[in-house]
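Just so we're aligned: the sequence shown equals residues 0 to 451 in numbering that gives the first Met the number 0. Ideal Cβ positions, reconstructed from N, Cα and C, are used throughout, including at glycine. All values derive from a computational prediction rather than experimental measurement.
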Amino acid sequence: MTAPKGPNRQLSAVIEEAGYTYEALARAVRAVAIEAGVKLGTSRSAVHSWVVASAIPSGRTPTYVAEALSRKLRRRVTVAEIGLGSDVIGDTNAPDPLAAASDLGRLIVHNRRDFLSLAFSAGAVLFPLDYDPQAAAAALRATAAGHRVGIDEVATVRQFTEMFRTADERLGGGHGLVAIASFLNDVVTPMLNGTFPNDQVRRSAFGAGAELATLVGWKCHDLGREGAAQRFYQLAYQFACESDPAGHSAWAMRALAHQALDLGHPAGTIDVAEAALARARGRVGRQTEALLLITAARAHGASGNGPTAAALILAAEDAMLASNDDIPAYAAAAGPAAAVVASHTGRTLTEMKDHAAAERHYRTALNKRVPGTYHRVRGITFANIAKSVAAQHRYEEAVGLWSQSLDLMDGVISRRNGKELETMRSNLALYIQRGIPGAAELSQRAASIIAV
C-alpha cells in the first residue's frame, strides 16, 4: 500500500458518523470481502494506517470499506467520499445498457480479478426503483445501427441459453462462465444493437438478452462472485424493461431481491418485491404472480414481519392453485412453479424458525422436481431438509439426508454448494462427539469434495 503524508479526514469523519471502532470496521470489511469470494486479513492497525497516515489499501479493499460503511449508515458511501480513490468497474448506471453489456462481458472474458471480486452493494438492491427506462430506450434507439435481426437469430440465442442452463444445473456455475460471457459480448450485444423488422421481434430479442444476462448473473452468484452477479442482474433488468416492462422486468427485480435475501441483507427487498408485484399484477398469469408473491413473503419473513409473510404465503398458494396457465420462458427457467413456491416457502419458514413446517415444504419442493433434470437444486434441497430435521433434533435422519445431498453435489463447481458443505461439516463435528452413527464417515466424504 502507498502512504501519502497527513491524516485522511474524510475517512475519519465517515467512520465517526457510522459509530465504528477501528476493530469493528475491520471486521465489517472482512465480512464484505468474504461475500465477494476474497479472504482479507484487514486488522485494526490497517484501519489506523488508513486514517492516520492516509495509507491507501490495495486491490478492491477500498470498495469493501465503502460498502461496509454504506451498510452501517444505510446510505451510499463512495470510495471518493472516504478519500480512497474513485475507481468504478462494471457500472450499469450508464444510460446505454449495451455499453454496460460490452464492458461486463469483456471483464468476465478477460478474467479481471478486480471485477470478479467486486463487493455486493446492499444499497444497489433498490436499483430498479431509481432506474429511468425512458432514457435508456432513447439511447438504445438512437444508437441502433447494426445488421437486420430476424426471429431465427433470436431463437438461436434462446437455444444457446437453454443449453448452458441445462449444463449449469448439472455442473455448477463455474462451468462455461467465460464461454457464455463471450457469447453475450460477441453475439448478443451486437444483435441488440441491430435493426428489427418490427417491435415484436425487438422485444423478443431483448427478452432473450435478459434471460442470458440473468443466467450469467446466476452463474456468478453460484460461484460466490456477488458483486459481479449483481451487475449482471441489473443488466438483465435493463434489457427486460425493453422487452416487457410489466412481467419480465418484475421477474428481473425478483432476482435482485433473492440475491440480497440469500446473502442475509433484507433491507430494501420488501420495497423491490412489492414494487415488482404491483407492476406485474393483472398483467401476468396467476402462476407467475404466485412466484412474485412468494418473493414478497420471503422478504417480509427475513425482515421479521411474520404475520405479513404468512399471509403472503397463503396468497401465493392460492394464486398457484387458481389456474394452470402457462408461465413465460423467463419464469419457467426456475423450474415448476409448485416446486419454486414450496422451496421459498420453506426458506421463509426457516427464517421464522418454524422448522417442522419448513421441512414439509422442502419435501414438497423435492418431490415436484424430477430427479436428473434438477440435479443441483435437488442437492441443495436435500441439504435444506437435513438442516430442518437437525433443528428438530433428529440427528441420525439428518445424517442420512446430508448423505443424499452429497451424492448430488459431488463434481458440481459451486460456491453455494461449498457453503452447504461447510455447514454440514460444522454440524457433523458435533455429531461425531455425540457418537451419532455415520457422522464421521460423512464428514470425511464432505472433506474430500471440498478439497477437490
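{"Item": "Nearest to D353 (by Cα), restricted to the options A309, A382, A364 and V369", "Value": "A309"}
{"Item": "Validate contact between the segment 62-78 and the segment 166-175 using beta carbons, cut 8 Å, 3 pairs", "Value": "no"}
{"Item": "Given S42 as reference, the closest of A27, S53 and A52 once Cα atoms are compared", "Value": "A27"}
{"Item": "Counted within 10 angstroms of its Cβ, other Cβ atoms place L313 as buried (16 or more) or exposed", "Value": "exposed"}
{"Item": "Assumed close pair T349, A357 - CB separation to whole angstroms, cut-off 8 Å", "Value": "5 Å"}
{"Item": "Beta-carbon proximity list for R377, same chain, < 8 Å, skipping 5 on both sides", "Value": "L365, R368, P370 and L407"}
{"Item": "Closest Cα partner of V76 within the set V13, S101, A275 and A144", "Value": "V13"}
{"Item": "Cβ separation of L276 and V339, assumed to be a contact under 8 Å, to the nearest whole Å", "Value": "15 Å between Cβ atoms; not a contact."}
{"Item": "Span of the alpha helix (DSSP H), counted from its first residue to its last, around G149", "Value": "First-last for G149: undefined, no H or E at that position."}
{"Item": "C-alpha gap between A355 and A45, whole angstroms", "Value": "46 Å"}
{"Item": "Environment of V51 [buried if 16+ CB atoms lie within 10 Å]", "Value": "exposed"}
{"Item": "Touching by the beta-carbon criterion (3+ pairs, under 8 Å), the segment 160-174 and the segment 115-123", "Value": "no"}
{"Item": "P127: CB within 7 Å of a non-hydrogen atom of the ligand ATP", "Value": "This structure does not include the ligand ATP; it has no bound ligands of any sort."}
{"Item": "Cross-strand partners of T194 (DSSP beta bridge)", "Value": "R147"}
{"Item": "Through-space distance from G284 to G84, alpha-carbon basis", "Value": "48 Å"}
{"Item": "Backbone secondary structure at I431 - three-state DSSP", "Value": "helix"}
{"Item": "I449, buried or exposed, once every other Cβ within 10 Å from all chains shown has been counted against 16", "Value": "exposed"}
{"Item": "Counted within 10 angstroms of its Cβ, other Cβ atoms place R415 as buried (16 or more) or exposed", "Value": "buried"}
{"Item": "Three-pair Cβ contact test at 8 Å for the segment 229-249 versus the segment 134-148", "Value": "yes"}
{"Item": "Backbone secondary structure at I412 - three-state DSSP", "Value": "coil"}
{"Item": "Between the CA atoms of I81 and A2 - distance to the nearest angstrom", "Value": "Note that A2 has pLDDT 48, beneath the 50 cutoff, so the model's placement of it is unreliable and no number is given."}
{"Item": "Boundaries (first-last residue) of the alpha helix (DSSP H) holding I81", "Value": "Counting along the chain, I81 falls outside any alpha helix (DSSP H), and DSSP gives it neither H nor E."}
{"Item": "Residues near R282 by beta carbon distance below 7 Å, same chain, minus five either side", "Value": "A245 and G246"}
{"Item": "Own chain residues within Cβ distance below 8 Å of M319, not counting five before or after", "Value": "R285, Q286, A289, A336, A337 and V340"}
{"Item": "Start and end residues, alpha helix (DSSP H) containing Q9", "Value": "R8 to A17"}
{"Item": "At least 3 beta-carbon pairs within less than 8 Å: the segment 94-113 vs the segment 291-302", "Value": "no"}
{"Item": "Local Cβ density within 10 Å of K386, reported as buried at 16 or more and exposed below that", "Value": "buried"}
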